[in-house]
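Have a look at the structure below, then the notes.
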Amino acid sequence: MATPALAQSAPGAAEYRAWMGKGPNRVRVRAFEAFLRRFGVAGVLPTQQILRTASAWRTCGTPFEVPPPGTWGRIVPSLRFIRDQVRPRVGPVEAVSGYRNPRLNHCAAGAPQSAHLGFWGVDLVPTTRITRRQLFSRLCALHASATGRSAGFGLGFYTGTRFHVDTKSWRLWGSNNRSGTSPCR
């Protein structure tokens, strides 16, 4: 099945190859991948996807960025949660935004306290057919469950079927970054 339009606007293989060829990126990526292997979450999502910065990458900066090493441990519980809880409910997903440095986050109109700044989570889109209503139903139920609460599942919804997952803290928000607009309310 074709990848959703939101994922298609994300940087792809050609951009990743070009970026990997610049400066120390290849060495940093290898170190990051070794870290993910050590914690058993390598391959939950392709590294290329995890390192995507923001949908506004063309105007706001680099399409990919290796987060500061001190933040790497924060993504581990989120990747486990995606593997163990999110994918079984919504099917395969593609990451379209991971870590954002402060400058890029501001340019991309990210929330000032965005979990992306600390590399706590990622924005995802399902890669198989699922309606917005089905997505809301399945993820809202997960968020409300004891599993969601104990994991500190942060869940945000955006346009189409794009959604955010992190394990920074248990909270909800909708497309305007406010909790009151979450479809789970």
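In this note's numbering, each residue's number is its place in the sequence shown (first place is 1) plus 96.
No residue lacks a Cβ here, since even glycine has one placed at the ideal position from N, Cα and C.
Once the 5 residues before and after Thr138 are set aside, which same chain residues still bring their CB inside 7 Å of it? Translated into positions along the sequence shown, residue 138 becomes position 42. In the sequence on display, residue 138 carries Ala and not Thr. Around Ala138: Glu129, Leu132.
Quick one: Cα of Ser265 to Cα of Leu220, how far? Working through the sequence shown from its first residue, we reach residue 265 at position 169. Working through the sequence shown from its first residue, we reach residue 220 at position 124. Cα-Cα distance, rounded: 18 Å.
Would you report the Cα separation of Lys118 and Gly169, rounded to the nearest angstrom? Position 22 of the sequence shown, counted from the first residue, corresponds to residue 118. Position 73 of the sequence shown, counted from the first residue, corresponds to residue 169. Straight-line Cα distance between these residues: approximately 25 Å.
Cβ neighbour criterion (16 or more within 10 Å) applied to Met217: Within the sequence shown, numbered from 1, the residue matching residue 217 stands at position 121. The sequence given here places Gly at residue 217; Met does not occur at that position. Burial state of Gly217 is buried, judged by a 10 Å Cβ sphere holding 16 or more other Cβ atoms.
Looking at the unbroken beta strand (DSSP E) that takes in Gly169, where does it start and where does it end? Locating residue 169 in the sequence shown gives position 73, counting from the first residue. Annotation: Gly169 is outside any beta strand (DSSP E); the continuous alpha helix (DSSP H) that includes it extends over 168-177.
Report the three-state DSSP secondary structure of Trp216 (helix, strand or coil). As a first step, residue 216 must be located in the sequence shown, where it is residue number 120. Annotated three-state conformation of Trp216 is coil, per DSSP.
From this set, Ile171, Arg148, Ala207, Pro165, which residue's C-alpha is nearest Tyr254's C-alpha? The sequence position of residue 254 within the sequence shown is 158, counting from 1. Minimum Cα-Cα distance from Tyr254 among the listed residues Ile171, Arg148, Ala207, Pro165 corresponds to Ala207.
Span separating the alpha-carbon of Gly248 from that of His260: In the sequence shown, the residue the question calls residue 248 occupies position 152. In the sequence shown, the residue the question calls residue 260 occupies position 164. Approximately 13 Å between the Cα atoms of the pair.
Per DSSP, cross-strand counterpart(s) of His260: Position 164 of the sequence shown, counted from the first residue, corresponds to residue 260. In the DSSP secondary-structure assignment, His260 is bridged to Asp219, Gly252.
Give the secondary structure of Thr99 by DSSP, where H, G and I count as helix, E and B as strand, and everything else as coil. On the sequence shown, position 3 is the one that residue 99 refers to. In this predicted model, Thr99 has a pLDDT of only 43, less than 50, meaning its place in the structure is not dependable; the value taken from the coordinates is given anyway. Judged by DSSP in its simplified three-state form, Thr99 adopts coil rather than helix or strand.
Between Pro198 and the rest of its own chain, which residues show a CB-CB distance below 8 Å, the 5 nearest in sequence each way excluded? Position 102 of the sequence shown, counted from the first residue, corresponds to residue 198. Taken in chain order, the residues that qualify are Leu213.
I'd like to know whether the C-beta atoms of Thr149 and Phe135 end up nearer to each other than 8 Å. Locating residue 149 in the sequence shown gives position 53, counting from the first residue. Locating residue 135 in the sequence shown gives position 39, counting from the first residue. Contact flag unset, no.
Could you have a look at Leu141 and say whether DSSP puts it in helix, strand or coil? To locate residue 141, count along the sequence shown from 1; it is residue 45. DSSP, read as helix, strand or coil, puts Leu141 in coil.
For Gln145, count neighbouring C-beta atoms within 10 Å of its own C-beta (all shown protein chains included) and say buried if the count is 16 or more, exposed if not. Reading the sequence shown from its first residue, position 49 is the one you call residue 145. The residue in question, Gln145, is buried, as its Cβ has 16 or more Cβ neighbours within 10 Å.
What three-state label does DSSP hand Phe135 in the structure shown? Along the sequence shown, one-based indexing puts residue 135 at 39. Reduced to three states, the DSSP call for Phe135 is coil.
Segments assigned alpha helix (DSSP H), at least 4 residues, entirely inside the region 109-134: With a minimum length of 4 residues, the continuous alpha helix (DSSP H) runs that stay inside the region 109-134 are 109-116, 121-134.
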